[in-house]
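Note sheet for the following structure.
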Amino acid sequence: GSIPTEIGSLGALEGLNVEYNSLTGSIPSYIGNCPNLEDIVIFGNRGIKGTIPSELGKLSKLRNFYFSDTGLTGTMPDEICILRQNNLTNLEGYGASVQCDCCTW
1450 GSIPTEIGSL
1460 GALEGLNVEY
1470 NSLTGSIPSY
1480 IGNCPNLEDI
1490 VIFGNRGIKG
1500 TIPSELGKLS
1510 KLRNFYFSDT
1520 GLTGTMPDEI
1530 CILRQNNLTN
1540 LEGYGASVQC
1550 DCCTW
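Position one of the sequence shown corresponds to residue 1450 (my numbering), numbered consecutively onward.
Quick look at the structure:
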C-alpha cells in the first residue's frame, strides 16, 4: 500500500510511524496540512520513491524525520532545512539518495 492522501485531513495527527511496512508510492504533499505533526518515521520502506515534498516545510512542530532505507531521491527542500533552526533535531536518511546539507548523518 501507500501513504493515503487523506492523511492531510488529520489535523490532530502528532506522529506518523510506518517503519518497515513495505509501503510504495511517494510521500503525499498533503502531509504538510497536518499542523501538529511532530514525528515522521518512514524508514525501511524501499518502495517509497520520488522526492521529498517541500510542503513538509509547513510542519513547524516537526522534531524528527527518519527516511533511511527508502527509495527517495533528489535534494532536501530548503523549506525543510529551515526547520532545523527551530524544532527539527533529527533529520536522517541513511541509504536514501537524497542530497542534504542540513541532515544529521
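Glycine included, every Cβ here is placed at the ideal spot set by N, Cα and C.
In whole angstroms, what is the alpha-carbon distance linking residue i and residue j?
| i | j | result |
| --- | --- | --- |
| Gly1496 | Ile1452 | 11 Å |
| Thr1519 | Leu1472 | 10 Å |
| Asn1470 | Phe1492 | 9 Å |
| Met1525 | Leu1462 | 23 Å |
Measuring CB to CB, does residue i end up less than 7 Å from residue j?
| i | j | result |
| --- | --- | --- |
| Arg1512 | Glu1487 | yes |
| Gly1542 | Ser1503 | no |
| Val1490 | Glu1468 | yes |
| Gly1457 | Asn1494 | no |
| Ser1478 | Gly1499 | no |
Can you pull the DSSP bridge partners for residue i?
| i | result |
| --- | --- |
| Tyr1515 | Val1490 and Glu1541 |
| Thr1473 | Ser1451 and Gly1496 |
| Leu1465 | Ile1489 |
| Gly1523 | Val1547 |
Regarding residue i and the ligand ATP, is the C-beta to nearest heavy atom distance less than 6 Å?
| i | result |
| --- | --- |
| Gly1520 | Inclusion of the ligand ATP in the displayed structure is not the case, the ligand content being empty and no account of it being possible. |
Figure out for me which residue from the options has the closest Cα to the Cα of residue i.
| i | options | result |
| --- | --- | --- |
| Gln1548 | Asn1536, Cys1530, Gln1534 and Leu1537 | Cys1530 |
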